[in-house]
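Participant: Below are the structure tokens for one structure; questions will follow.
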Amino acid sequence: MADNHVAEFNQSLSKFDDYPLNLTRTADFKYTLAAYNSKLVEDDELYFDDIESCIRIWDLVKPQDGKHVSRSAADLVQLQNALSETPIDPHRRFIFMKSGSSRSPLDCTREMMAYLFTHHQIMARFLDFTCTFRLRETPHSFTHFRNEDYLGKQHYQPGLSGMGRSGIRIQHCFNVLGIERSRDKKQWLLRQTAAYHSYDLVEGRALWVVLKGDNTMRDRLESATAGSAKKGDSSSHSADDSFTQTLTDHLLIAQWCGENWESYAESLEEEYRSISGVADHAPVDEMAKDIPTIKQQERINSLPNAPRRQQTGGTEKSPQSPSFVRRISMKVTTGFSAVTQEEPPSRRVQHHKLEDLVQFGKLQSLSCFGKSLGEAISAIAQNRRVLAQIKVYYRELVTSEGFKRHMSKSTLKLCRQAVSEFVMKVGRLEDDLANYEGNLKTILHGVERTEAMYNGILQYQSMCTAKYFAESSEKSTEIMKGWTQQMHEKTMSMHVITVFTLIFLPGTFVATIFSSGIITFGEDGSGGFGSAMGSWKVRLAGLKLFAAVCFPLLRGAVRLEAFWEDYNIKAILRACSVNKSQDVIFQSFLCTFSLLVYIEKVEFLGWLVERNLKDSTFPLETRPSFWPDAPAYDRLFEAIAESQWIFFPVTFNKHELYNQVFGPRHIFPICNQELIKAGDTIQVHKIETNPSSEDSDPVTFVRKTYFESGKAQYDREVKTFTSLQSRDCDNIISYHGCYQQQRLNGPITYNLVLGNPPRSSFDINTIWHAFCGALQGLHHLHLAAIDTDFQTIHQDIKPDNLLVSKTSSSQPYAFRLVITDFGYSHTKAPRSNRDTWGIDSHGGQAYGAPESSHHADYTHHGRTHITTKIDIWSLGCVMSETAVWIKSGKQGLEDYRNRRMAETRTLRSFDEAGHGGCFHDGAQALSAVRETHDLIRDSCLDTVTFHVLDMIETFMLVPQGERQDAQMIRERLVKIIQAASSAHEYNSPLASQPNGTLEPQPYRTSTVVTPTAVPPSDFRHPSPSSPLLTFKQAWAWYGHAKNNSKPVDHNTEDVVRQLGNNVKGRDHIFFVDVSRTMGLYFQEIKEKFQILAYLAKKFDPDGVEVCFSSEVPLIHKGDTSKLLSLFNEQTWDQVSFEDRIGTFIDQIVIPRLWSLRQKLRLKKPKNLTIFVLTDGRWGEGKERAAGVENPIMRLINVINRKSLSRTQVAIQFLRFGDDPDGKRYLTFLDHFGTQYKCDCVDTKPIDGNIFEMFIGPISPDIDTADEPRP
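Going by the UniProt record's numbering, the sequence shown opens with residue 1, and the numbers climb by one from there.
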């Protein structure tokens, strides 16, 4: 019998991959175990992340030693080795499994978990808890308790005694929810901890498996057990001691779920008070009484030539003041008459309106607030339920016959005492949770009350506004009477035209019907008038012929609503004895009615209406269950099934065409299709939809049809496009929908087949500029977005998958490269910025990178870890071929391919694997690639292609570690093209220094070319009237200021002194654009800021302030070194600059002009200079200043309204880089305020004159001296 137990265990362990089907004993049915196993195998990627696998084991092997042994396993072999080191189960074992977060899969492979759980024979129900750790959008929010004990005599397993196991054990698992701060400490998050526990009653050995999204529980349990060992708590190995210790472990996990709730409740209560105060204390009645006054003033202000009331900043004057008693009358001239308006009385509540009191954003905040409270209350209630179940479980355990059978009387007594103390402690924890739950419910009741109060205020406002309009409408009636009389006289001629139109149009349609013979009068059709006219009838056969010809045409050209009129529908209904209103037909049954007319079954319309078979229910794929089983209804359904497709075609609506299955008779609105590509697994067509479907013009799509063998590629492509739906990119083909296993990719123009290569430099630059878009598309794929958190590696970049979309330009080579075909892509949610690994999907090899090559036998199977850099290599290959085509045309491309194939034939594994024509030898670029590039350089008069080849060889076709990302390469390519356009030499970006200092360093060229002496393209020579202060001079002056031993140029000192005299006393704020593109200038930004901030601090006694666009409205103050350190903390991923600078101006700048002391005219607002550090890259091809002019316009309005000086607020935009759109936006802003007589904005390149940067926005001469007009 003993041997049987060992054999059963070994057999179970050998089949660990079948877990939990391989368990030696279980309380679950076999079909349940099979479902668990299928779930793990089929959804492997959903539950497990094998990129950074790690399982940690913490053992107390011998209690008398008091020493714990720690082991970690990163793969299955290491795990097997770690478990084999302890052939006898340790006295206590903790196994810790973690994930990247509570919404991420476990950091291990399925095989590792299956082997571990099989080795310890862990109950299958624990999988209910492990599977909650998976890829998901919201955290898991449910708790459970499961147990499975083996305490009977039949459960002894004496054969396993050599492993320290008796077979008599208790086991259970549970999870609890807790509230914790996020990693950035900015918000509270709901998280879970799951645990499995087993205890051998005979051997006294305990096992814990703990799951959590971080190392919190691991650190606590390891610290607690190590501490107890040091104190000697484990020196005596008795059953009651080990049992008591397991209860302590339970308490440690349970206490975690009760932490932080008090702090969380306090933060919620504080936030709630900030929202509820307005509703509780606002003078609603007084503000409601001001509604007529405000409406009357708004009406007066909206009239032409209305005088502007001067707003005073002082206190409200007394009613006896003549300026308030006097009534102002004015004549308002309209097109009809003159109306006299009186100024309304003064308002009761100044500076506030009732409609401003309750904004919809507050109601949304309250709704979200209430949702968070509800989730927290639910989590606490579930924790209490689990704790109560644990208490009941242990109380019943120590009194059960099975437990008493295996414990001595003395041990049983001690165990019961330990359980009693444990139950008491858990009860206290339950009481604490109940208190927290009560606090949160109180806050929730307050939120509901405040929400009701806000709704009441809104209703009250509506009532008061309605009352005002009701009263004012009476006054307007007399005015309207006069206007109406004049309008009546002037539009009499239009009435005449309208009458005759109404007479002749119906007559035209009736004449058409009568002439067709559908309606006849008199028995013989002779007609007549009055009684001689005889009876008339509708010839349904003729009407069907009329409908058969007209309806399909009308469906494509005119909506059915325009075809049918009330009277012809009435005639048909009367002829068929159908008692239904034409209004009902027009509303929901018009297509159904037209179908019945077509099949001559109008008499069934009433029956279909009564059963609510509306147009939206068609077409009918199957016969409805309520359809009568009668011959007449059989013929009706057959006729409908035959002809319904004419009236109910498929529509290609983007939000409806998803995972629909259409029958073979559905009519698709495709008027033209062209086969683009045909293969073994896919077909690609270019299709045009009928303009009648949705739009007035045909719409072009690409339809990709997968066969059954391409199912895996289809799934990958769907996953990729789904992750990209919320963030569009012009250089990635858009996703429109899918049906019948067919994919629809978004609109393009057409595929352009390149013919003759370009000859002019302009055309060559245009072609290379298209690759900037392709690199932008790759950056869009590779970078995990904030809203979706998905990252994609394409793995099959090649010319066939870069669609060429022609732009509206007439230039022959003006096109856009659009990335398509995601059949080999891998999409995942990275856990951190360092998590850039993906899974190799065995994509295309000709343009593939060395690390993804499968030329050797050992690389044909398995999944290789790759990064986004493989797409960079592939695009570098495409760009290499483009350079060859530009130089030598199609024949050059063929020769280039032949040279590569000749070299790969010398590599046996490449030739046998069919990898001929690739660009590498398994480690680096082929010699044929470098030699071909050299041939192009030797005969190349095109500087752009020359530098592009250098960039390809230096940053793209290099080993993975040296390859740069898409964003950096795009910036390099942009600089190459722009430098060629301005006839300047291309230089690489500023390199950061190894020692971390901020001393300015010269730019380094990325090629072996002597730098020219031409100044930067955007440098403007200073105007003759302004002194010159360069950054080089400023650094020398800064060095002297910090260390007096260094020499100083006295001319520089004079310029600094002169600058201080002009700006002394002004406040200075630096607003830093922390977008991704600005991150490219990180080192230069810090260098230039250090100098500018030091100068500003010298002139501003209050100190310099800094605001980062990602932290608005947070303002930082301090010395320069402290402010510099804040730059290192930024993530440089901010978007929507218009929104950020708008918040900055509205919440920081404008309030400084409206302080209480300034309102009382006790203090003049202090002059302010704002330095905006940006590259101006706020979107491509937008108008004006991409919306940034809007918040500046609001600031100008405030300055003008308060009659402040133009220089009260001066904004200096300091531009980094030379992006064309950025320069255009900033040039627009430079002159934006001129038309409003408040030109307070200036723009300067960052490498310009520092003196002009400080003085430019306050000196008109300097502002306009060096910038071109827009």
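Every residue gets a Cβ at the ideal spot worked out from N, C-alpha and C, and that includes glycine.
How many angstroms separate the CA atom of residue 1031 from the CA atom of residue 1244?
Facilitator: Roughly 14 Å between the two C-alpha positions.
Participant: Within the continuous beta strand (DSSP E) that includes residue 847, where are the two ends?
Facilitator: Where residue 847 is concerned, there is no enclosing beta strand (DSSP E), given that its DSSP letter is neither H nor E.
Participant: Please classify residue 90: is it buried, with 16 or more other beta-carbons within 10 angstroms of its beta-carbon, or exposed?
Facilitator: Residue 90 is buried by the Cβ-count criterion.
Participant: Under the assumption that residue 773 contacts residue 817 (Cβ atoms under 8 Å), give the Cβ distance between them as a whole number of angstroms.
Facilitator: About 5 Å; that satisfies the 8 Å criterion.
Participant: Could you give the distance in angstroms between the alpha-carbon of residue 627 and the alpha-carbon of residue 619?
Facilitator: Rounded to whole angstroms, residue 627 to residue 619 spans 15 Å at the Cα level.
Participant: Is residue 743 helix, strand or coil when you go by DSSP?
Facilitator: Note that residue 743 has pLDDT 35, beneath the 50 cutoff, so the model's placement of it is unreliable and the number below is only indicative. Residue 743 falls in the strand class under three-state DSSP.
Participant: Taking DSSP as the reference, what is the three-state secondary structure of residue 877?
Facilitator: In the structure shown, residue 877 sits in a helix (DSSP, three-state: H, G or I).
Participant: Rounded C-beta distance between residue 1223 and residue 1176? I'm assuming under 8 Å.
Facilitator: So it is a contact: roughly 7 Å between Cβ atoms.
Participant: Quick check on DSSP: helix, strand or coil for residue 200?
Facilitator: Correct three-state label for residue 200: strand.
Participant: Report the start-end ranges of each alpha helix (DSSP H) in the region 60–116 that is 4 residues or longer and not cut off at the edges.
Facilitator: As far as the region 60–116 is concerned, its whole alpha helix (DSSP H) runs of at least 4 residues are 76–84.
Participant: Per DSSP, which residues does residue 1242 bridge with? Please list them.
Facilitator: Paired residue(s): 1212.
Participant: Inspect the beta-carbon positions of residue 825 and residue 792 and report whether they are closer than 8 Å.
Facilitator: Their beta carbons are under 8 Å apart, which means residue 825 touches residue 792 by this criterion.
Participant: Just reading off the alpha helix (DSSP H) that residue 208 is part of, what are its end residues?
Facilitator: Taken as a continuous stretch (DSSP letters only), residue 208 belongs to no alpha helix (DSSP H), being part of the beta strand (DSSP E) at 206–212.
Participant: Which of the three DSSP states is assigned to residue 3 in this structure?
Facilitator: Of the three classes helix, strand and coil, the one that applies to residue 3 here is helix, per DSSP.
Participant: Who are the Cβ neighbours of residue 125 in its own chain at under 6 Å, not counting the five residues just before and after it?
Facilitator: Closer than 6 Å at the Cβ level, and outside the excluded window around residue 125, lie 146.
Participant: If residue 872 and residue 951 are in contact, beta carbons under 8 Å, what's the gap, nearest whole angstrom?
Facilitator: That pair is no contact at about 11 Å.
Participant: Report the residue from 892, 795 and 253 whose alpha carbon sits nearest the alpha carbon of residue 853.
Facilitator: Selected option, being the one with the closest Cα: 795.
Participant: Expressed to the nearest angstrom, what Euclidean distance is found between the alpha-carbon atoms of residue 552 and residue 47?
Facilitator: Low per-residue confidence applies at residue 552: pLDDT is 49, beneath 50, and the placement is therefore not dependable, though the value from the model is reported in the following sentence. Answer to the nearest angstrom: the Cα atoms are 53 Å apart.
Participant: Buried or exposed, going by whether 16 or more other CB atoms sit within 10 Å of the CB of residue 1114?
Facilitator: It is exposed - the Cβ of residue 1114 has fewer than 16 other Cβ atoms within 10 Å.
Participant: Would you mind working out which of 1189, 1125, 1062 and 1192 sits nearest residue 1167, comparing C-alpha positions?
Facilitator: Selected option, being the one with the closest Cα: 1062.
Participant: Take residue 1064 and list the residues in its own chain whose beta-carbon comes closer than 6 Å to its own, dropping the five residues that flank it on each side.
Facilitator: The answer, listed in chain order, is 1099.
Participant: Do the CB positions of residue 1254 and residue 1059 come within less than 8 Å of each other?
Facilitator: Contact flag set, yes.
Participant: According to DSSP, which residues form a beta bridge with residue 1174?
Facilitator: DSSP lists 1215 as partners of residue 1174.
Participant: Would you call the CB atoms of residue 1173 and residue 1242 closer than 8 Å?
Facilitator: For residue 1173 and residue 1242, no; Cβs fall outside 8 Å.
Participant: Using the C-alpha atoms, what's the distance from residue 874 back to residue 1272?
Facilitator: With the chain running from 1 to 1270 in the structure shown, residue 1272 is simply not present.
Participant: Among 599, 450 and 701, which one has its Cα closest to the Cα of residue 641?
Facilitator: Measuring from the Cα of residue 641, the nearest candidate turns out to be 599.
Participant: Just mark residue 607 as buried or exposed, buried being the case when its beta carbon has 16 or more other beta carbons within 10 Å.
Facilitator: With fewer than 16 Cβ atoms within 10 Å of its Cβ, residue 607 is classed as exposed.
Participant: Looking at the secondary structure, which residues open and close the beta strand (DSSP E) in which residue 1119 lies?
Facilitator: No beta strand (DSSP E) holds residue 1119; DSSP gives it neither H nor E.
Participant: Nearest-angstrom Cα distance between residue 395 and residue 420?
Facilitator: Between residue 395 and residue 420, the C-alpha separation is close to 8 Å.
Participant: In three-state terms, what does DSSP make of residue 532?
Facilitator: With a pLDDT of 46 at residue 532, under the threshold of 50, the predicted position of this residue should be treated as unreliable, and no value is reported.
Participant: Figure out for me which residue from 171, 10 and 269 has the closest Cα to the Cα of residue 163.
Facilitator: Minimum Cα distance to residue 163 is reached at 10.
Participant: Hey, is the region 401–419 in contact with the region 238–257, meaning 3+ C-beta pairs nearer than 8 Å?
Facilitator: In short, these stretches touch, since the Cβ pair count reaches three.
Participant: Pull up the distance between the alpha-carbon of residue 23 and that of residue 718, whole angstroms please.
Facilitator: Cα to Cα, the separation comes out at about 37 Å.
Participant: Just verifying my parser: in three-state terms, what is the DSSP assignment at residue 802?
Facilitator: Strand.
Participant: Okay, do the region 48–60 and the region 95–111 touch, 3+ Cβ pairs below 8 Å being the bar?
Facilitator: As far as the Cβ criterion goes, the region 48–60 touches the region 95–111, which means the pair count is three or higher.
Participant: When the distance is taken between beta carbons, is residue 426 closer than 8 Å to residue 391?
Facilitator: In contact: residue 391 and residue 426 (Cβ atoms closer than 8 Å).
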